[in-house]
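As structure tokens, the structure follows; a few thoughts come after it.
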Amino acid sequence: MSERTPAPYGPRSVYGYAMYIGSNMLLLLYLVWAFIPDEFLHEKLGLTYWPSKYWAVALPIWILTAIAVFAFAIYPAINMTLTPDIDDIRTITDEYCLKKKKRIHGGIPPVSDIPITEVAPPVFATFEEPPSTQERFADVILQYKLLTMANVAGPMMAGANPMSDSLVPDWAHAEHSTGTSIMACEFEGGVVIGADSRSTTGAYVANRVADKLTKVTDYIYCCRSGSSADTQAISDIVNYHLGFHRMELGMEPRVETAANVFRELCYNYRDSLMAGILVAGWDSVKGGQVYSVPLGGMCLRQPISIGGSGSSYVYGYVDANYKPGMTKDQTIELVTNTLALAMSRDGSSGGVIRLGVITDKGIERKVILGNQLPKFYEG
Numbered sequence: 000m001s002e003r004t005p006a007p008y009g010p011r012s013v014y015g016y017a018m019y020i021g022s023n024m025l026l027l028l029y030l031v032w033a034f035i036p037d038e039f040l041h042e043k044l045g046l047t048y049w050p051s052k053y054w055a056v057a058l059p060i061w062i063l064t065a066i067a068v069f070a071f072a073i074y075p076a077i078n079m080t081l082t083p084d085i086d087d088i089r090t091i092t093d094e095y096c097l098k099k100k101k102r103i104h105g106g107i108p109p110v111s112d113i114p115i116t117e118v119a120p121p122v123f124a125t126f127e128e129p130p131s132t133q134e135r136f137a138d139v140i141l142q143y144k145l146l147t148m149a150n151v152a153g154p155m156m157a158g159a160n161p162m163s164d165s166l167v168p169d170w171a172h173a174e175h176s177t178g179t180s181i182m183a184c185e186f187e188g189g190v191v192i193g194a195d196s197r198s199t200t201g202a203y204v205a206n207r208v209a210d211k212l213t214k215v216t217d218y219i220y221c222c223r224s225g226s227s228a229d230t231q232a233i234s235d236i237v238n239y240h241l242g243f244h245r246m247e248l249g250m251e252p253r254v255e256t257a258a259n260v261f262r263e264l265c266y267n268y269r270d271s272l273m274a275g276i277l278v279a280g281w282d283s284v285k286g287g288q289v290y291s292v293p294l295g296g297m298c299l300r301q302p303i304s305i306g307g308s309g310s311s312y313v314y315g316y317v318d319a320n321y322k323p324g325m326t327k328d329q330t331i332e333l334v335t336n337t338l339a340l341a342m343s344r345d346g347s348s349g350g351v352i353r354l355g356v357i358t359d360k361g362i363e364r365k366v367i368l369g370n371q372l373p374k375f376y377e378g
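The opening residue of the sequence shown carries number 0 in numbering that gives the first Met the number 0; numbering runs sequentially from there.
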């Protein structure tokens with residue numbers, strides 16, 4: 000019986016056993032009939048009626064003859080009758096279906112095969128031979144010269160000094176970053192996530208109301224810190240993967256699955272990415288969950304997790320105020336106060352506080368404006 004074959008029902012096993020016993024009894028009777036002399040049957044056993052031994056030999060011969068006639072005459076005749084002629088259209092073999100079809104250019108790649116270079120080629124493009132240190136240094140110098148020329152072209156027309164350092168501000172060549180204070184905390188029945196809204200380019204505040212709570216599925220969100228471009232690309236890729244995963248399973252993906260997809264991407268491209276991710280959500284298996292995926296691609300589940308540049312100011316506050324088994328309102332208050340403290344001390348964090356409460360009903364979002372933030376002593 001092959002694997003996954005259901006066990007036979009009771010009647011089936013009984014019928015098989017009965018057939019086994021019956022066939023053995025018939026074989027025994029045939030052997031008695033064929034080999035025991037008639038005198039012994041009539042005189043010793045008292046069997047006055049017994050078929051002639053002629054039939055004991057004739058019946059097997061007749062059965063074998065019938066099988067031979069069928070195998071060598073009737074079956075070939077039936078086969079020849081049912082086989083189409085060689086010029087019949089039914090004898091044509093479609094060889095095209097036996098060949099492996101080429102992948103359609105531009106089609107959706109397999110879920111497990113999508114390279115990050117197809118999503119963001121300018122950012123994650125690779126080379127067959129990586130450039131040497133001298134080549135990379137020369138490239139940096141060239142880019143700096145081009146940037147300097149672009150920034151001083153206008154002031155030079157007005158008579159400004161082209162050698163002035165003030166003509167090339169730091170944000171002109173800095174990466175767009177989320178700065179960031181992010182946080183996620185579990186409670187009975189779900190999780191609370193929160194983040195500030197300031198994104199910076201060097202010392203320049205590029206966006207005061209950025210949304211760092213990014214949707215992955217209806218029940219899973221991620222809090223982004225690090226490079227805005229990197230974290231947005233990663234969240235889009237994970238959303239792509241989990242979309243196919245949802246279609247294959249016919250159900251919502253688990254939070255642990257999403258966290259491991261983030262982990263794999265952050266680890267495989269750890270030399271190219273600057274991304275710290277908090278993955279939080281709810282599923283029917285483990286309820287509310289928080290996973291931390293810091294720089295380098297490690298994945299760790301924690302009941303409460305904070306991240307970003309502002310997190311270093313509030314670790315003590317979180318340690319002193321977090322208690323397991325907190326209610327929804329207590330968790331929201333803790334996340335709000337923690338982010339407000341981080342934003343008041345960290346220059347790369349600010350703006351408004353965006354909150355999200357994820358439960359079995361989905362997500363409930365809330366925004367706390369700057370004039371509504373909790374106030375603390377800032378001596």
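Note that the Cβ used here is the ideal one computed from N, Cα and C, for glycine as well.
Start and end residues, beta strand (DSSP E) containing Q288: G286 to V292
Candidates D217, L26 and K211: closest to R223 by CA position: K211
Residues that T358 bridges to, as DSSP identifies them: G361
Residue of N370, L372 and R353 minimising C-alpha distance to E363: R353
Opening and closing residue of the beta strand (DSSP E) in which F186 lies: I181 to F186
Candidates G249, G350 and G287: closest to G361 by CA position: G287
Sub-8 Å separation of T330 and V191 beta-carbons: yes
Cβ neighbour criterion (16 or more within 10 Å) applied to A17: exposed
For F34 and F69, the rounded distance between their alpha carbons: 30 Å
Beta-carbon proximity list for P252, same chain, < 8 Å, skipping 5 on both sides: T216, I219, L241, H244, R245 and D282
Where K327 sits in the DSSP three-state scheme: helix
C-alpha distance - V278 paired with S198, whole-angstrom precision: 20 Å
Nearest neighbour of M273, chosen from M79, S308, G315 and P36 [CA to CA]: S308
Residues sharing a beta bridge with T216, DSSP: BP columns for T216 are empty, so no partner.
Among V284, P83, T230 and F186, nearest to G296 - alpha-carbon criterion: T230
Residue(s) in a DSSP beta bridge with R300: Y290
Beta-carbon gap between S180 and D345 smaller than 8 Å: yes
Test item: CB-CB of G315 and D195 under 8 Å: no
G315 - containing beta strand (DSSP E), residue span: Note, G315: premise wrong, no beta strand (DSSP E); alpha helix (DSSP H) at Y314 to N320.
When I77, K214, L30 and L58 are compared against I276, the one with the closest alpha-carbon: K214
Pairwise C-alpha distance: C184 and E377: 25 Å
Cβ separation of T358 and G189, assumed to be a contact under 8 Å, to the nearest whole Å: 4 Å
Coil, strand or helix - I107 by DSSP: Its pLDDT being 49, under 50, I107 is placed unreliably by the model, and nothing is read from it.
CA-to-CA distance, L248 to N370, given in whole angstroms: 45 Å
V292 beta carbon less than 8 Å from that of C298: yes
For L277, three-class secondary structure by DSSP: strand
Enclosing alpha helix (DSSP H) for T199 [first to last residue]: Note, T199: premise wrong, no alpha helix (DSSP H); beta strand (DSSP E) at S198 to T200.
Reduced DSSP category for V151 - H, G, I as helix; E, B as strand; rest coil: Here V151 scores only 48 on pLDDT, less than 50, and its place in the model should not be relied on; the value that follows carries that caveat. In this structure, V151 counts as helix in the three-state DSSP scheme.
Coarse secondary structure for G309, derived from DSSP in three states: helix
A339 - partner residues in DSSP beta bridges: BP columns for A339 are empty, so no partner.
Endpoints, beta strand (DSSP E) assigned at Y239: Premise fails: Y239 lies in the alpha helix (DSSP H), S227 to L248, not in any beta strand (DSSP E).
Cβ-Cβ distance between A341 and Y321 below 8 Å: no
Contacting residues, own chain, Cβ-Cβ under 8 Å from L368 (five flanking each side not counted): V351
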